[in-house]
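Trainee: Quick note on full-length UniProt numbering: the sequence shown kicks off at 1 and runs consecutively.
First, the structure itself, so that you have it in front of you.
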Amino acid sequence: MLILNYLSFVLSGFFWAHFTKIEADKVFIYEVSPMTQALLGIWYAKRKKIDCYIYVMDLWPENIESITGIKNPLIIGLFSRMVHYIYKNSSKIFTASKSFIGEIKKRKIEEERLVFLPQYAEDFYIPQKSRTNEILLDDRFNLTFAGNIGEAQELNILPDVACVLKQNNLLIRFNIIGDGRYKKQLIKEIELKSISEYFNFIDKKPAKEIPYYLANSDAALISLAKSSVFDKTIPAKTQSYLACGIPIIVSADGEIQEVIKEAKAGFIGDSGDVSQFVTNIRKMICLTEQEKKQLGKNAYQYYQSNFAKEKVFKLLDNYMGEK
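Printed below as a string of structure tokens:
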């Protein structure tokens, strides 16, 4: 059914691209899954003989293999040829991760056509003062996760971490903000292990409210499942957390570790590594208030220097010819 949905969109898009009366000077494709949507922009640009730029947020077909579990070589091969066609017909390829550049180069795409264009956080992601009572300010260390609760986020590590923390009488609270198909299963595991006091589930909130929840937190969590795709990804919440000036604990592999290490904004551990996760929580708890504030300050300054909207737009304008 998923494949049929992709194909039906491509079919209708084919007719749109070839018959629309819209006149454009350039085409910019914001590529999130499914990548099939990029074909419309490519076809339109070829018809109009104008430049086509693509911003790659997900690697295909690697992403579809990892997320859907599709392994059929015929299907993956067809998607791979489609991706090659899209890249070959793009004037410039922007990537949301530096690691993507190496993967795309394997398709014999010229390096000068590849540009790292980082994501930015919306303007409302800034350091705020506390304005919520849904995260208690008591004697527990508040570690907050905000976003989708799915298998990709590897939050199934949290019950095991909480069990170790409980054995060592460490007072922690995992604040989980959001929804997702893994949420019910996660709650069930927590109840089975009798560690509910270590968790605080908060329903999904508007993005504009997240900075106020982070203001009530000691640190924010970035967690990803172990995957050859995810280790090349910088989750969008990374920029949001950095912009809010909050210390960060990472339980993920690859490029995200390099970002937080370079920013000096927190502590990092490999995906699924319970022991290192617990160690990083211990280290964060032992920091003085001044040391925690310094990590937050480092995070904010790193965001301003590397991911600020103005810098990203200026880079984009330069490459698209708007000097």
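Idealized CB from N, CA, C, for every residue including glycine.
Being a predicted model, the structure only gives us computed values, none of them experimental.
1. Determine the contact status of residue 27 and residue 55, defining contact as a CB-CB distance below 8 Å.
2. Threshold first: 4 residues or longer. Then list the alpha helix (DSSP H) segments lying entirely within the region 252-319, N to C.
3. Check residue 18 in the structure and name its three-state DSSP category.
4. Let's see if you can read the secondary structure: which residues bound the beta strand (DSSP E) around residue 52?
5. Can you give the beta carbon distance from residue 234 to residue 201, rounded, assuming they're within the 8 Å contact cut?
6. Have a look at 253, 313, 69 and 167 and flag the residue whose alpha-carbon is nearest the alpha-carbon of residue 272.
7. Could you have a look at residue 332 and say whether DSSP puts it in helix, strand or coil?
8. Mind pulling the alpha helix (DSSP H) runs of 4 or more residues that sit fully within the region 87-129?
9. Determine the burial state of residue 213: buried for a count of at least 16 other Cβ atoms within 10 Å of its Cβ, exposed for fewer.
10. Residue 19: buried (16+ other C-beta within 10 angstroms of its C-beta) or exposed?
11. Is it buried or exposed for residue 139, if we count other Cβ within 10 angstroms and need 16 for buried?
12. On the three-state DSSP scale, how would you describe residue 185?
13. Give me the Cα-Cα distance between residue 108 and residue 94, rounded to the nearest whole angstrom.
14. In or out: residue 149 buried (at least 16 other Cβ within 10 Å) or exposed?
15. Excluding the five sequence neighbours on either side, which residues of its own chain have a C-beta within less than 7 Å of the C-beta of residue 245, listed in chain order?
16. Determine, using beta carbons only, whether residue 37 and residue 14 come nearer to each other than 8 Å.
17. Secondary structure at residue 238, three-state DSSP: helix, strand or coil?
18. If we ignore side chains and look at the alpha-carbon of each, how far apart do residue 255 and residue 238 end up?
19. Taking DSSP as the reference, what is the three-state secondary structure of residue 68?
20. Please state whether DSSP places residue 173 in a helix, a strand or coil.
21. Residue 12 by DSSP, collapsed to three states: which one?
22. Pop quiz: residue 118 and residue 152 are said to be a contact at Cβ under 8 Å. What is the actual Cβ separation, rounded to whole angstroms?
23. Straight-line CA distance for residue 171 to residue 165?
24. In its own chain, which residues sit with a C-beta less than 8 Å from the C-beta of residue 282, not counting the 5 before and 5 after it?
25. What are the partner residues of residue 27, as DSSP defines its beta bridges?
Mentor: With the given structure in hand:
1. Translated into positions along the sequence shown, residue 27 becomes position 27. Translated into positions along the sequence shown, residue 55 becomes position 55. No, the Cβ-Cβ distance between residue 27 and residue 55 is not below 8 Å.
2. 255-263, 274-286, 289-306 and 309-319
3. Walking along the sequence shown from the start, residue 18 turns up at place 18. It is helical.
4. Here residue 52 refers to the residue found at position 52 when the sequence shown is read from its first residue. Where residue 52 is concerned, the enclosing beta strand (DSSP E) stretches over 52-56.
5. Residue mapping note: residue 234 aligns to position 234 of the sequence shown, counting from 1. Residue mapping note: residue 201 aligns to position 201 of the sequence shown, counting from 1. Between residue 201 and residue 234 the Cβ distance is about 26 Å, and since that is not below 8 Å, they are no contact.
6. Here residue 272 is taken as the residue at index 272 of the sequence shown, counted from 1. That would be 253, whose Cα lies nearest to the Cα of residue 272.
7. Since the first residue of the chain shown is 1 and the last is 323, residue 332 is not available in this structure.
8. Fully enclosed alpha helix (DSSP H) runs of no fewer than 4 residues occupy 98-105 of the region 87-129, in order along the chain.
9. As a first step, residue 213 is located in the sequence shown; it is residue number 213 there, counting from the start. It is buried - the Cβ of residue 213 has at least 16 other Cβ atoms within 10 Å.
10. As a working note, residue 19 is residue 19 in the sequence shown. Answer is exposed; the Cβ neighbour count stays below 16.
11. If you number the sequence shown from 1, residue 139 lands on position 139. Label assigned to residue 139: exposed.
12. Looking up residue 185 in the sequence shown gives position 185. Residue 185: helix per DSSP, three-state reduction.
13. Within the sequence shown, numbered from 1, the residue matching residue 108 stands at position 108. Within the sequence shown, numbered from 1, the residue matching residue 94 stands at position 94. Roughly 16 Å between the two C-alpha positions.
14. As a first step, residue 149 must be located in the sequence shown, where it is residue number 149. Label assigned to residue 149: buried.
15. Translated into the one-based positions of the sequence shown, residue 245 becomes position 245. Taken in chain order, the residues that qualify are 127, 296, 297, 299 and 300.
16. Here residue 37 corresponds to residue number 37 of the sequence shown, with the count starting at 1. Here residue 14 corresponds to residue number 14 of the sequence shown, with the count starting at 1. Cβ distance not < 8 Å, so residue 37 and residue 14 don't count as in contact.
17. Your numbering for residue 238 matches position 238 in the sequence shown. Helix, per DSSP.
18. For the purposes of this step, residue 255 is identified with residue 255 of the sequence shown, where counting begins at 1. For the purposes of this step, residue 238 is identified with residue 238 of the sequence shown, where counting begins at 1. Rounded to whole angstroms, residue 255 to residue 238 spans 11 Å at the Cα level.
19. Counted from its first residue, the sequence shown places residue 68 at position 68. Three-state result, residue 68: helix.
20. For the purposes of this step, residue 173 is taken as the residue at position 173 of the sequence shown. Residue 173 carries a strand assignment under DSSP once its states are collapsed to helix, strand and coil.
21. As a position in the sequence shown, residue 12 is number 12, starting the count at 1. Helix at residue 12.
22. Here the question's residue 118 lines up with position 118 in the sequence shown. Here the question's residue 152 lines up with position 152 in the sequence shown. Between residue 152 and residue 118 the Cβ distance is about 20 Å, and since that is not below 8 Å, they are no contact.
23. Taking the first residue of the sequence shown as position 1, residue 171 is located at position 171. Taking the first residue of the sequence shown as position 1, residue 165 is located at position 165. If you take the alpha carbons of residue 171 and residue 165, they lie about 7 Å apart.
24. As a first step, residue 282 is located in the sequence shown; it is residue number 282 there, counting from the start. Hits under 8 Å: 170.
25. As a position in the sequence shown, residue 27 is number 27, starting the count at 1. In the DSSP assignment, the residues bridged to residue 27 are 52.
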